[in-house]
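Scroll down for the structure; my scribbles are underneath it.
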Amino acid sequence: MTAVRAIGDPVLRLDGVSLAFGGVKALNDISLDVREHEIRAIIGPNGAGKSSLLNVINGVYHPQQGTITFRGKPRHNMDTHETAALGIARTFQNIALFRGMSVLDNIMTGRNLKMKASVLEQAIWFGRARREELANRAKVEEVIDFLEIQHIRKTPVGRLPYGLQKRVELARALAAEPSLLLLDEPMAGMNVEEKQDMCRFVLDVNEQFGTTVVLIEHDMGVVMDISDRVVVLDYGRKIGDGTPDEVRSSKAVIDAYLGVPH
Amino acid sequence: MQFFFEVLIGGLLSGVMYSLVALGFVLIYKASGVFNFAQGSLVFFAALTFVGLMEHGLTFGAALAVTLLVMILLGLLIEKFVLRPLVNQPQISLFMATIGLSFLIEGLAQLLWGANVRGLDIGIQDEPIGWIADATGVNVSKFDLSAAGIAAVLVTLLALLFSRTRIGRALRAVADDHQAALAVGIPLQQIWGIVWAVAGFVALVAGLLWGARNGVQFALTFVALKALPVLILGGFDSVPGAIVGGLIIGATEKLAEVYFGPYVGGGIEGWFPYVLALAFLLVRPEGLFGEKIIRRI
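Same order as they appear, the protein sequences are chains W and E.
Residues 1 to 262 in our numbering are what the first sequence spells out, letter by letter.
Residues 1001 to 1297 in our numbering are what the second sequence spells out, letter by letter.
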């Protein structure tokens, strides 16, 4: 198990990334790296640019300046569905499930990129389309088992309580077998028990599949517990980066969170 | 009783043709959540283009092939120049855009081919099928039956495509949440391109069948309005719903016309479907097969 978990070389590197919306600088000269197999947390007060950073990584926003290097290759204005093809999956701060569809169908969409049959083959449910559908369904069942959501398989996601919806969203991301998993506040709005479950799942994913995880989280207890390294943002700037202990004792971080006496 | 069945069968067969038109709406609605007001114009455009090409001396097959290409191209262009710039805008903006689009397409069609009413012969005669009439005494139109057969095959294929495949799931996913769909690697524009191309194809088939029956004329765009009660009955986002809705509307409007029409002076075929749809809205607003609306209070 430790073999998989051994933290390796950087898989993702951001150099001098800046992103502005009109006059608002959402990200200002951010440089950071994410290493293979690690759990990397992004923290910071509201409006610090955490979600923007995640959106830049998976191609929702294209930064005006700076470079993004993923697995040794620089990326240029790559769109979201292209980053998905590179093995980057994510969840959203406000749950973004396909509300009209069942849990199973939602998770099956995560397998989208693994299926290759053409439109025509699919229309007539021809050999390859059929085999693919069944093989991917088996894979989805593994994810369902892993996240312990067997009992809600056929339920339309709109009917599920919040905590379970979050779990289904994680399942959909995992179904893509990503090498890099981006989680935007996976525990927000959960009760203690749900949080503990979610922590366990994130750690299990990281340990068993070796998935690299980047997560945004406000619950400091959780962040300090599960992450290997933490980056701290404030007003679009990076003000801290290091192990949880280093970040906890950094003066800049404490100032940003608690305020500076005037 | 024989007469009853004749009316019923006639109604069901024309109902399948309504389904065909409704299907065009369902396709777009499923993938983008938009009621495509321009679908009727597409039907009109397809029929007119086909007839126009035939008049210019193309054979049936060649005209069909060219019109198919034109319709697919038109679908792709609409996606690229009308819908893509409106991504993430409110649904009502998209709806308004399709209204504008319908005028544009209608105008374009008449500009290119003229506004005369034309006949369209697709080689199937509108006459009773002999052996059925002999065996049961019920007259079934050969044209209606063939048209229904063509529509049924098309509808079945599309229903399977939607319910059992990756593309179908991708379509529904795109309709529900653009951002999340992109994040699981569904290319939005490719999916919309496919949908509009297929909608163009469906419009072509509907245009040919309706054109052959009623003549190719501006009134073809109104056929699309008949699809509205079909959709309300069946559910806007359900392919099987479009079929069942079409059958119900087709059968009930003909039966109502024949059996209740005489008491109120006739002509109720024109409005009966809308009244039925209205009643349905009160009882089951999402339609027979539509996705159940889940509200949290």
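We treat Cβ as the ideally placed atom computed from N, Cα and C, and that holds for glycine.
In the structure shown, W:N28 falls within a strand segment according to DSSP collapsed to helix, strand and coil.
C-alpha of W:A48 to C-alpha of E:V1034: approximately 36 Å in a straight line.
Setting aside the 5 residues that flank it on each side, W:F92 is surrounded in the same chain by D184, each with a C-beta closer than 6 Å to its C-beta; the list follows chain order. Between W:M224 and W:R248, the C-beta spacing is below 8 Å.
For E:I1186, the residues of chain W that pass the 9 Å Cβ criterion are H81, A84, T109, N112 and L113, in the order they occur in the chain.
For W:N94, the closest alpha carbon among the candidates E:D1177, E:V1195 and E:F1289 is that of E:D1177.
Counted as a single uninterrupted DSSP element, the alpha helix (DSSP H) harbouring E:I1009 occupies residues Q1002 to S1032.
Contact annotation for E:A1170 against chain W: T109 and N112 [CB-CB distance below 9 Å, chain order]. In the pairwise beta carbon analysis, the region 1028-1048 of chain E is classified as not touching the region 1280-1289 of chain E: fewer than three pairs are separated by under 8 Å. Contacts with chain W at 8 Å (Cβ-Cβ) include E:Q1179. By alpha-carbon distance to E:I1009, the top candidate from E:I1078, E:N1139, E:L1225 and E:L1020 is E:N1139.
The beta carbon of W:M101 sits closer than 8 Å to some beta carbon of chain E. Taking a Cβ-Cβ cut-off of 7 Å, the neighbours of W:N58 in chain E comprise A1183, given in sequence order.
In this structure, W:R90 sits near W:N58, with a CB-CB distance shorter than 8 Å. Secondary structure at W:F70: strand, using DSSP grouped into helix, strand and coil. In this structure, W:L54 is the residue among W:P161, W:I152, W:L54 and W:E194 with its C-alpha nearest to the C-alpha of W:V213.
Among the residues facing chain E, W:L97 is included, as its CB has a counterpart in that chain under 8 Å away.
In the three-state scheme derived from DSSP, where H, G and I count as helix and E and B as strand, W:S18 is classed as strand. For chain W, the residues of the region 1148-1176 of chain E that bring a beta carbon within less than 7 Å of one of its beta carbons are L1157, L1160, L1161, R1164, T1165, R1166, I1167, R1169, A1170, R1172, A1173 and D1176, in chain order. Taken atom to atom, the span from the alpha-carbon of W:P74 to that of W:T83 is near 12 Å. Between E:L1247 and E:V1016 a beta carbon distance of about 7 Å is seen, short of the 8 Å cut, so the two are scored as contacting. Here E:A1206 is buried, its C-beta having at least 16 other C-beta atoms within 10 Å. Taking 7 Å as the upper bound on Cβ-Cβ separation, chain E lies near residues R172 and A176 of the region 171-187 of chain W. Excluding residues up to 5 positions away in sequence, Q1039, A1199, V1202 and A1203 lie with their Cβ nearer than 6 Å to the Cβ of E:G1024 in the same chain. Distance from the CA of W:A85 to the CA of E:L1094, rounded to the nearest whole angstrom, comes to 29 Å. Against chain E, the CB of W:R75 has no partner CB under 8 Å away; the residue lies outside that interface.
DSSP places W:Q65 in the strand class (E or B) of the three-state scheme. For a Cβ distance threshold of 8 Å, nothing in chain E lies close to W:A138: the least Cβ distance comes to about 15 Å. Burial is judged here by how many other beta carbons sit within 10 angstroms of a residue's own beta carbon; E:A1109 has at least 16 and is buried. It is roughly 45 Å from the alpha-carbon of E:G1130 to the alpha-carbon of E:R1172. Not a single CB atom of chain E sits nearer than 8 Å to the CB of W:A6. In the displayed model, W:D228 falls within coil according to three-state DSSP, outside both helix and strand. Put simply, the backbone Cα of E:A1147 is about 57 Å away from that of W:D197. The closest CA to that of W:G66, considering only W:L32, W:E38 and W:I42, is found on W:L32. Taking a beta-carbon distance threshold of 8 Å, W:R153 does not count as an interface residue toward chain E. Around the C-beta of W:I7, fewer than 16 other C-beta atoms lie within 10 Å, and the residue is accordingly described as exposed.
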